[in-house]
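Numbering (the numbering used here), first residue to last: -16 to 69.
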């Protein structure tokens, strides 16, 4: 997939957006090209491409949830009991 823009909406709102690199698109941080690779949006509000990552936390009680990005979060991050507080 070259130079394509795929938008997924949920309830009429942009939910995910995938952009794809072309042969001549240079990534500014590395100075390299990545033809066919998905473009990840690295800064909020993630309206150029998909979020760069989603952070999920499994909790000690067995529950799991999204903690980041905040607009997708359904739980808050909690420090596990075995990690000492500073």
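Beta carbons are placed, not taken as given, at the ideal position from N, Cα and C, and that holds for glycine.
Shown here for residue 62: same chain residues with a beta carbon closer than 8 Å to its own, the five before and five after excluded, namely 68 in chain order. Looking at the DSSP output, residue 46 sits in no beta bridge, so it has no partner there. The residues 3, 5, in chain order, have a CB closer than 7 Å to that of residue -14 in the same chain once the five nearest residues on each side in sequence are set aside. The C-beta separation of residue 58 from residue 49 comes to about 7 Å, placing the pair in contact by the 8 Å criterion. Per the coordinates, the alpha-carbon of residue 18 lies some 29 Å from the alpha-carbon of residue 55. Rounded to the nearest angstrom, the gap between the Cα atoms of residue 44 and residue 60 is 13 Å.
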